[in-house]
Amino acid sequence: MDTAVSTLTALAIFASTVEHAAYRSVHGYRVVGRKTGGWVRWERWVERQFVLSLSFPPCLEVALPAAAPRILPAGWRTRPVFREGQTVDTWRCIVAFDSVAAVTPSTPPPPVLSPLVNPQLQYLPNLYNDLLKVFRFQEEKKVSQLVNSKEQPIRSGEQEKTSGLADASESDSDGDSQSDKELAPPVQKHTRANRKHIDSITLVDIAQYFHLPIRDASKTLKIGVSILKRKCRQYGIPRWPHRKIKSLDSLIHDLEYVLAREDEEEEKQLQKDRLAAAINALTKRKSMLESEKETIQQKPTMDLMAETKLFREDVFKRRYRAKSSVMDDMDFDMD
1 MDTAVSTLTA LAIFASTVEH AAYRSVHGYR VVGRKTGGWV RWERWVERQF VLSLSFPPCL
61 EVALPAAAPR ILPAGWRTRP VFREGQTVDT WRCIVAFDSV AAVTPSTPPP PVLSPLVNPQ
121 LQYLPNLYND LLKVFRFQEE KKVSQLVNSK EQPIRSGEQE KTSGLADASE SDSDGDSQSD
181 KELAPPVQKH TRANRKHIDS ITLVDIAQYF HLPIRDASKT LKIGVSILKR KCRQYGIPRW
241 PHRKIKSLDS LIHDLEYVLA REDEEEEKQL QKDRLAAAIN ALTKRKSMLE SEKETIQQKP
301 TMDLMAETKL FREDVFKRRY RAKSSVMDDM DFDMD
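Heads up: the sequence shown runs through residues 1 to 335, numbered per full-length UniProt numbering.
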């Protein structure tokens with residue numbers, strides 16, 4: 001694979017109904033990569049777990065427990081779609097976005113998931129960047145709807161009223177040439193950053209926002225872009241490293257996808273090995289029972305082997321449990 005570009009297509013965030021401050025996120029990406037034969041396209045899904053808080057302890061990404069059930073079904077074939085309110089085991093979906101299935105968040109995110117309210121999310125770039133993409137997309141959609149509503153056609157009665165107002169404005173414009181200047185909104189001047197505030201910004205302060213575009217970083221630091229560039233040159237940073245970090249995040253995502261596929265293949269192989277071992281054990285048990293049957297046919301007074309008696313008791317217990325569960329289901333249906 002020469003190059004690969006990942007685009008976010010789905011994001012679902014689940015809150016634990018058992019553990020406080022425990023959250024899981026499911027990220028769906030459309031990946032376009034270039035091979036020697038041409039361009040290929042596939043989807044990559046990643047599940048992550050976090051401990052999120054507005055104060056203390058800080059927000060952390062934790063490893064998914066190996067034995068815990070996953071939100072992403074193992075070996076899924078159809079594309080998963082999550083919606084708000086959906087529950088998977090002890091996890092409840094609180095944010096759902098899917099550009100392919102036309103699923104959008106119904107409400108703004110809770111404070112702990114809001115990048116504007118919880119600044120600690122910036123230390124989790126995978127979750128932070130995808131949240132910004134989802135809710136920035138929502139803002140752009142709302143703006144486009146407002147623009148479309150303003151551009152609706154004017155009714156015939158309103159056209160007559162506006163034409164009359166236009167004639168009146170033309171007659172008044174000769175008498176009052178400065179009306180447009182008086183009604184024009186005042187120009188807002190950008191306040192310059194304080195010199196003491198600029199001098200107090202250290203390399204550690206700047207490094208916290210390397211994962212953001214330089215304009216967003218300058219707004220967060222409350223200084224201009226040119227001032228931020230000058231500060232970076234003072235600390236020996238000739239170029240803002242946002243693109244490098246973004247590229248590394250994309251490579252990390254790709255490696256996580258490959259590792260997840262390897263884990264699935266290893267799990268499938270382990271299941272195959274367990275199934276083969278079980279089949280071998282059953283085959284061995286069958287041959288032993290057949291041999292014991294032939295021996296008893298020749299010597300009817302011979303008692304069953306102790307291992308055979310234990311196996312028979314286990315079979316009887318399983319049959320009894322299965323019969324009891326069937327009877328319970330029948331009683332439930334009758335009720």
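Using N, Cα and C, we set each Cβ at its ideal position, and we do this for glycine too. All values derive from a computational prediction rather than experimental measurement.
- For H197, the enclosing alpha helix (DSSP H) stretches over residues R195 to S200.
- Here the alpha carbon of D249 sits roughly 27 Å from the alpha carbon of E267.
- Note that the C-beta distance between S16 and R48 is not below 8 Å.
- Here E47 carries a strand assignment [DSSP, helix/strand/coil].
- Shown here for A217: same chain residues with a beta carbon closer than 6 Å to its own, the five before and five after excluded, namely Y209 in chain order.
- Where R92 is concerned, the enclosing beta strand (DSSP E) starts and stops at W91 to D98.
- In this structure, the alpha-carbon of V62 lies about 26 Å from that of P241.
- The count of Cβ pairs closer than 8 Å, one atom from the segment 222 to 231 and one from the segment 198 to 214, reaches three, so the stretches are in contact.
- Of all alpha-carbon atoms in P80, F14, T295 and D254, the one lying nearest the alpha-carbon of T87 is that of F14.
- V32 and A4 do touch by the CB rule: their CB atoms are close to 7 Å apart, below 8 Å.
- With fewer than 16 other Cβ atoms inside 10 Å of its own Cβ, R321 counts as exposed.
- With a 10 Å radius around the Cβ and a threshold of 16 neighbouring Cβ atoms, V117 comes out exposed.
- Closest by C-alpha distance to F50, out of T90, P110 and C59, is C59.
- The C-beta separation of P105 from V95 comes to about 5 Å, placing the pair in contact by the 8 Å criterion.
- According to the DSSP assignment, A281 belongs to the alpha helix (DSSP H) that extends over H242 to Q298.
- The C-alpha of L54 lies about 10 Å from the C-alpha of A21.
- Counting along the chain, the unbroken alpha helix (DSSP H) around L221 starts and ends at I214 to L221.
- Between T36 and R83, the alpha-carbon positions lie close to 39 Å from each other.
- Inter-residue distance for T283 and L289 is about 10 Å (C-alpha atoms, whole angstroms).
- Closest option to G75, judged by alpha-carbon separation, among P238, R319 and E264: E264.
- Assignment of S25 by DSSP, reduced to helix, strand and coil, places it in the strand class.
- Taking 8 Å as the upper bound for CB-CB distance, L131 and P109 are in contact here, some 7 Å apart.
- Only exposed fits V40, as fewer than 16 other CB atoms lie within 10 angstroms of its CB.
- About 5 Å separates the Cβ atoms of T9 and S99, confirming a contact at the 8 Å cut-off.
- Remark: C-beta atoms of V134 and L212 do not approach each other more closely than 8 Å.
- Y257 counts as buried, since at least 16 other C-beta atoms from the protein chains shown sit within 10 angstroms of its C-beta.
- When DSSP states are grouped into helix, strand and coil, S6 belongs to the strand group.
- Assignment of V18 by DSSP, reduced to helix, strand and coil, places it in the coil class.
- As computed with DSSP, A12 is found in a beta bridge with V26 and A96.
- Going by DSSP, L60 is part of the beta strand (DSSP E) stretching over L60 to V62.
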